[in-house]
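A.B. asks: Residue numbers (my numbering), protein chains in the order written: chain R, 417 to 780; chain X, 417 to 780. Don't be surprised by glycine CBs; every beta carbon is placed ideally from N, CA and C.
There are 2 protein chains.
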Amino acid sequence: MVKITVTLGKRSYPIAIASGLFGDPTAFVPLKTGDQAMLVTNQTLAPLYLDSLRVTLELSGVKVDQIILPDGEQYKSLVVLEQVFSALLEKSHGRDTTLIALGGGVIGDLTGFAAACYLRGVRFIQAPTTLLAQVDSSVGGKTAVNHPLGKNMIGAFYQPISVVIDLNCLQTLPMREFISGLAEVIKYGITLDFRFFVWLENNIDALLARDVTALSCCIRWCCELKADVVSTDEREENGRRALLNFGHTYGHAIEVKMGYGVWLHGEAIAVGMLMAAETARLLGCFAEADVERIRKLLSSARLPIHRPAEMTAGSYLTYMKRDKKVLVGERRLILPTAIGRAEIRSRISNDIVLTAIRACSKSS
Amino acid sequence: MVKITVTLGKRSYPIAIASGLFGDPTAFVPLKTGDQAMLVTNQTLAPLYLDSLRVTLELSGVKVDQIILPDGEQYKSLVVLEQVFSALLEKSHGRDTTLIALGGGVIGDLTGFAAACYLRGVRFIQAPTTLLAQVDSSVGGKTAVNHPLGKNMIGAFYQPISVVIDLNCLQTLPMREFISGLAEVIKYGITLDFRFFVWLENNIDALLARDVTALSCCIRWCCELKADVVSTDEREENGRRALLNFGHTYGHAIEVKMGYGVWLHGEAIAVGMLMAAETARLLGCFAEADVERIRKLLSSARLPIHRPAEMTAGSYLTYMKRDKKVLVGERRLILPTAIGRAEIRSRISNDIVLTAIRACSKSS
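1. Counting only runs that start and end within the segment 541-576 of chain X, where is the beta strand (DSSP E) found for 3 or more residues in a row?
2. Measuring only between beta-carbons, confirm whether R:L424 sits less than 8 Å from chain X.
3. Does the CB of X:R427 have a neighbour CB from chain R at under 8 Å?
4. Starting from X:A366, find everything on chain R with Cβ-Cβ shorter than 9 Å and list it in chain order.
5. Enumerate in chain order the residues of its own chain whose CB-to-CB distance from R:L447 is below 8 Å, with the five nearest sequence positions on each side excluded.
6. For R:V672 and R:T629, I'd like the C-alpha separation in whole angstroms.
7. Using DSSP with H/G/I as helix, E/B as strand and the rest coil, what is X:T516?
8. Please name the residues in the segment 487-500 of chain R whose beta-carbon is closer than 7 Å to at least one beta-carbon of chain X, in chain order.
9. Round the Cβ separation of X:L485 and X:L469 to the nearest angstrom and send it over; I've been treating them as touching at under 8 Å.
10. Taking contact to mean at least 3 C-beta pairs separated by less than 8 Å, is the segment 730-738 of chain R in contact with the segment 578-587 of chain R?
11. Can you name the start and end residues of the alpha helix (DSSP H) that X:Y604 belongs to?
12. Between the segment 563-582 of chain R and the segment 602-610 of chain R, can you find at least three pairs of beta-carbon atoms closer than 8 Å?
13. Do you know offhand how far R:K519's Cα is from X:D649's?
14. Taking the alpha carbon of X:L565 as the reference point, which residue from R:E652, R:A758, R:F444 and R:L505 has its own alpha carbon closest?
15. Would you mind sorting X:D621 into buried or exposed? The rule is 16 or more other CB atoms within 10 Å of its CB.
16. By a C-beta neighbour count over all protein chains shown, 10 Å radius and 16 as the cutoff for buried, is X:P590 buried or exposed?
17. Find the nearest neighbour of X:G450 within the set X:S435, X:D481 and X:C533, judged by alpha-carbon distance.
18. Measuring CB atoms only, is the segment 761-779 of chain R touching the segment 612-620 of chain X, in the sense that at least three cross pairs come out at less than 8 Å?
19. Can you name the residues that DSSP bridges to X:D481?
20. Please classify X:T395: does DSSP put it in a helix, a strand, or coil?
21. How about the segment 683-696 of chain R and the segment 714-728 of chain R: do they share at least three Cβ pairs that are nearer than 8 Å?
22. For the putative contact between R:G521 and R:L548, defined by C-beta atoms under 8 Å, what is the C-beta separation to the nearest angstrom?
23. Mind listing the chain X neighbours of R:Y604? Cutoff is C-beta to C-beta under 7 Å, in chain order.
24. Which of helix, strand or coil does DSSP assign to R:I755?
25. X:A530 and X:L497: beta carbons closer than 8 Å?
26. Out of R:R757, R:P544, R:A754 and R:R747, point me to the one whose CA is closest to R:N766's CA.
27. Between R:Q459, R:R763, R:R592 and R:V471, which has its C-alpha nearest R:D440's C-alpha?
28. For R:R536, which of X:A705, X:V422, X:R539 and X:Q575 has the nearest alpha-carbon?
29. Using a Cβ cut-off of 9 Å, pull out every chain X residue sitting near R:H563, in sequence order please.
30. As a quick exercise: from R:T559, R:A432, R:Y534 and R:T442, pick the residue whose alpha carbon is nearest that of R:K492.
31. Taking 8 Å as the limit between beta carbons, can you name the residues of its chain near R:G682, skipping five residues before and five after?
32. Exposed or buried, which one is R:R427 when buried takes at least 16 other CB atoms within 10 Å?
33. Could you check if X:S554 is buried or exposed, using at least 16 other CB atoms within 10 Å of its CB as the buried criterion?
34. Counting only the same chain and skipping the five closest in sequence on each side, list residues whose C-beta sits under 7 Å from that of R:T545.
35. Does R:M569 get closer than 8 Å to chain X when you measure Cβ to Cβ?
36. Excluding five sequence neighbours on each side, which residues of the same chain lie with their C-beta closer than 7 Å to the C-beta of X:Q550?
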């Protein structure tokens with residue numbers, strides 16, 4: 417079992433990575449005999465993992481209740497959040513309960529936010545089942561639900577007490593979901609680690625074939641990068657954590673405008689990263705050849721590299737205006753300066769942004 | 417202007433107390449020219465204070481938007497919270513915005529929770545207009561909304577950046593609301609400060625007449641006590657802050673069962689405090705004469721001292737089981753040991769609790 421620590425003083429916590437962890441009670445320490453827990457999952461995952469995880473916990477003497485939510489980004493809402501609170505109250509869960517998020521980014525973000533707010537804060541464990549959640553959203557304590565007017569607008573910084581990554585989950589993940597997760601993987605290479613980007617270029621086929629050794633190496637690498645970023649900038653205050661929003665300002669516009677769940681998060685982020693790279697190129701701070709190298713890796717990963725035909729370039733601007741990173745009065749974008757390095761830039765004209773968006777059209 | 421500090425390291429903040437503060441731009445520092453703010457208030461208060469506060473802020477160059485919510489405890493809900501988020505998003509409020517809670521406990525709790533969650537946290541200022549909010553709920557960062565199954569079940573510990581108490585508000589407060597606030601005032605005397613309890617016995621008529629000198633002294637005293645408790649136990653972890661829940665476990669049962677807003681918070685808490693005092697007496701740790709002294713002060717303050725005839729004693733138990741303080745597996749009650757001193761007690765039998773509840777009947 418690989419163990420990585422997110423270092424945050426008293427709120428430090430472990431990330432455990434291995435195959436078969438959902439069958440290993442020691443992975444869910446500090447849960448112990450007599451503890452109360454609420455498993456939160458969705459209708460797709462429940463038949464796959466719920467029973468085995470319940471048995472594992474019950475073998476440790478943990479009293480387990482469960483909530484099964486509908487599957488999809490459109491259910492990451494305040495309405496569904498209230499259902500989680502109702503279930504917790506109906507089963508008399510107290511301040512000493514532990515929520516366990518068994519699922520992808522939607523379940524993790526929503527359950528984490530529920531844990532942050534229920535009785536003003538209870539413990540929670542991330543048990544991420546998708547590639548995206550394992551490499552990104554389950555680590556670092558960003559929790560949220562969506563608002564009809566914007567993604568992740570309502571939330572909290574609230575850290576889990578542990579992250580339990582069972583690599584077996586990736587074998588049953590639908591291909592489209594798996595590929596979507598690769599977008600966040602590639603993001604780490606572009607923004608933080610040139611060596612990892614090169615490793616991805618060399619191992620993308622092994623990853624697509626879900627080779628366990630390649631997956632284990634990849635997820636460990638991403639979690640180490642993420643843990644380091646979160647440890648140095650938990651609340652996105654000094655600019656370091658903001659780099660991980662690379663591609664997200666553009667990408668969120670696609671997700672929101674197309675309707676939650678129509679484009680998967682990673683698909684939208686892939687095109688968003690390309691738009692951001694184009695923006696940097698237009699500003700003269702990023703090489704044309706590096707844009708192509710990103711485009712090639714995204715393409716090898718079978719991620720989309722063209723923006724949705726249904727959206728005009730202009731329509732992005734409205735949604736980008738509402739992005740959390742933008743809502744400081746002016747638009748701020750994360751732009752690469754080289755592969756493996758990025759920075760925050762503001763005061764970029766609408767013209768440049770629109771040209772970058774148009775450069776990612778199918779016809780261009 | 418009286419200034420009290422809530423000492424919480426980097427999150428320390430001032431409480432300013434004086435007549436006419438809503439007309440004084442310096443009271444709202446650090447808001448400055450160019451800042452964006454959202455005033456949150458209700459339909460009852462808007463005609464009284466909204467315009468003058470707007471003018472004060474606009475004179476300082478602050479860009480002010482406003483949301484006017486319906487008035488009442490029943491609107492302290494997730495549904496109304498979502499309306500606040502919608503207004504903030506529609507007006508493109510960013511991470512640098514400041515929410516200003518202009519109102520009583522409902523507005524303060526809901527606005528504070530909105531500030532805690534909006535974009536994962538923005539600044540907020542408490543501008544409490546009721547006695548209850550001025551002496552208790554606006555200080556200390558307990559924010560929340562209600563759930564149909566329990567009061568304040570969904571929330572966060574989230575501190576304001578300042579509390580601005582304009583004593584003039586108390587002159588227009590409806591008498592029933594004013595009296596309701598006196599319950600929390602009396603709570604401080606019973607749980608924390610015998611000297612204050614005696615002062616209240618001697619000054620209750622001046623307070624009821626809304627004598628400005630008496631009010632100023634009273635509110636300052638309460639805020640100093642509250643600031644001290646919050647500074648030493650922000651998140652209710654070491655038992656000190658929990659003492660301020662005195663009367664609330666019983667009282668919340670009345671509020672929830674009768675329907676939010678039917679019994680005012682302070683009215684329910686008054687009877688709840690008497691029930692807690694009776695419980696302590698039945699356990700032999702609180703003198704009969706002191707129960708009578710509390711009953712007499714509550715009665716002089718024109719607060720209810722009899723439980724609602726509509727509720728059976730047994731019906732309290734269900735709601736008390738769901739109380740946040742109880743939801744640790746066993747019921748814990750705050751009980752006085754002398755006037756000016758209280759402690760947390762658990763494992764109190766249902767028989768004792770029921771007898772204490774019955775002792776507060778009109779017929780008994």
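C.D. replies: Result, derived from the coordinates:
1. Within the segment 541-576 of chain X, the runs of beta strand (DSSP E) at least 3 residues long that lie entirely inside it are, in chain order, 558-563 and 566-573.
2. For this step, residue 424 of chain R is matched to residue 8 along the first sequence. So no, R:L424 is outside the interface.
3. Locating residue 427 of chain X in the second sequence gives position 11, where the first residue counts as 1. Not closer than 8 Å to any Cβ of chain R, the Cβ of X:R427 fails to qualify, so no.
4. The question about residue 366 of chain X has no answer here: the residues shown for chain X are numbered 417 through 780.
5. Here residue 447 of chain R refers to the residue found at position 31 when the first sequence is read from its first residue. Closer than 8 Å at Cβ, skipping near neighbours: A453, L473, S476, V478, T514 and I541.
6. Within the first sequence, the letter at position 256 stands for residue 672 of chain R. Within the first sequence, the letter at position 213 stands for residue 629 of chain R. Between the C-alpha atoms of R:V672 and R:T629 there is a straight-line separation of about 36 Å.
7. For this step, residue 516 of chain X is matched to residue 100 along the second sequence. According to the sequence shown, residue 516 of chain X is Ile rather than Thr. Here X:I516 carries a strand assignment [DSSP, helix/strand/coil].
8. Here the close residues are L494 and E498.
9. Taking the first residue of the second sequence as position 1, residue 485 of chain X is located at position 69. Taking the first residue of the second sequence as position 1, residue 469 of chain X is located at position 53. The beta carbons of X:L485 and X:L469 sit about 16 Å from each other, so the pair does not count as a contact at 8 Å.
10. Under the 8 Å Cβ criterion, the segment 730-738 of chain R does not count as touching the segment 578-587 of chain R, having fewer than three qualifying pairs.
11. Against the second sequence, residue 604 of chain X aligns to sequence position 188. Looking at the DSSP string, the run of the alpha helix (DSSP H) that includes X:Y604 is M591 to L608.
12. As far as the Cβ criterion goes, the segment 602-610 of chain R does not touch the segment 563-582 of chain R, which means the pair count is below three.
13. Counting from one through the first sequence, the residue named residue 519 of chain R turns up at place 103. Counting from one through the second sequence, the residue named residue 649 of chain X turns up at place 233. First, the residue type needs correcting, since residue 519 of chain R is Gly and not Lys in the sequence shown. When rounded, the distance between both Cα atoms is 35 Å.
14. Position 149 of the second sequence, counting from 1, holds the residue named residue 565 of chain X. Checked all of R:E652, R:A758, R:F444 and R:L505; the closest Cα to X:L565 is R:L505.
15. Here residue 621 of chain X corresponds to residue number 205 of the second sequence, with the count starting at 1. Per the 10 Å Cβ criterion, exposed.
16. Numbered from its first residue, the second sequence carries residue 590 of chain X at position 174. In this structure X:P590 is exposed. Its beta-carbon is surrounded by fewer than 16 other beta-carbon atoms within 10 angstroms.
17. Taking the first residue of the second sequence as position 1, residue 450 of chain X is located at position 34. Check the Cα spacing between X:G450 and each of X:S435, X:D481 and X:C533: the tightest is with X:D481.
18. Judged by Cβ distances under 8 Å, the segment 761-779 of chain R makes no contact with the segment 612-620 of chain X, as fewer than three pairs qualify.
19. For the purposes of this step, residue 481 of chain X is identified with residue 65 of the second sequence, where counting begins at 1. Answer by DSSP bridge pairing, in chain order: X:M454.
20. Within the shown structure, residues of chain X are numbered from 417 to 780, placing residue 395 of chain X beyond reach of any answer.
21. With a cut-off of 8 Å, the segment 714-728 of chain R and the segment 683-696 of chain R count as touching, because enough Cβ pairs lie within range.
22. Taking the first sequence and counting its residues from 1, one reaches residue 521 of chain R at position 105. Taking the first sequence and counting its residues from 1, one reaches residue 548 of chain R at position 132. At roughly 5 Å, the Cβ-Cβ gap stays under 8 Å, so R:G521 and R:L548 are in contact.
23. Taking the first residue of the first sequence as position 1, residue 604 of chain R is located at position 188. None at all; the shortest Cβ gap to chain X is about 22 Å.
24. Position 339 of the first sequence, counted from the start, is the residue given in the question as residue 755 of chain R. It is coil, neither helix nor strand.
25. As a first step, residue 530 of chain X must be located in the second sequence, where it is residue number 114. As a first step, residue 497 of chain X must be located in the second sequence, where it is residue number 81. Contact: yes.
26. Within the first sequence, residue 766 of chain R is the residue found at index 350, counting from 1. Comparing Cα positions, the closest option is R:R747.
27. On the first sequence, residue 440 of chain R is found 24 positions in, with the first residue counted as 1. Per the C-alpha coordinates, the member of R:Q459, R:R763, R:R592 and R:V471 positioned closest to R:D440 is R:V471.
28. By 1-based counting over the first sequence, the position of residue 536 of chain R is 120. With distances taken between Cα atoms, R:R536 lies closest to X:Q575.
29. For this step, residue 563 of chain R is matched to residue 147 along the first sequence. Within chain X, the residues placing a beta-carbon under 9 Å from that of R:H563 are E498, F501, S502 and L505, ordered along the chain.
30. In the first sequence, residue 492 of chain R corresponds to position 76, counting from 1. Ranking R:T559, R:A432, R:Y534 and R:T442 by CA distance to the CA of R:K492 puts R:T559 first.
31. Along the first sequence, one-based indexing puts residue 682 of chain R at 266. Only L548, I595, S596, G597, L598, A599, E600 and L719 meet the Cβ criterion.
32. Counting from 1 along the first sequence, the entry for residue 427 of chain R is found at position 11. Exposed is the label assigned to R:R427, since fewer than 16 other Cβ atoms lie within 10 Å of its Cβ.
33. In the second sequence, residue 554 of chain X corresponds to position 138, counting from 1. By the 10 Å Cβ count, X:S554 comes out buried.
34. In the first sequence, counting from the first residue as 1, residue 545 of chain R sits at position 129. If we look at R:T545 and ignore the five residues flanking it on each side, its Cβ neighbours are L461, Y465, L518, G519, G520 and C585.
35. Here residue 569 of chain R refers to the residue found at position 153 when the first sequence is read from its first residue. At least one CB of chain X lies nearer than 8 Å to the CB of R:M569.
36. Against the second sequence, residue 550 of chain X aligns to sequence position 134. Listed in chain order, the non-local C-beta contacts of X:Q550 below 7 Å within the same chain comprise P544, I581 and I635, local neighbours out to five positions each way being set aside.
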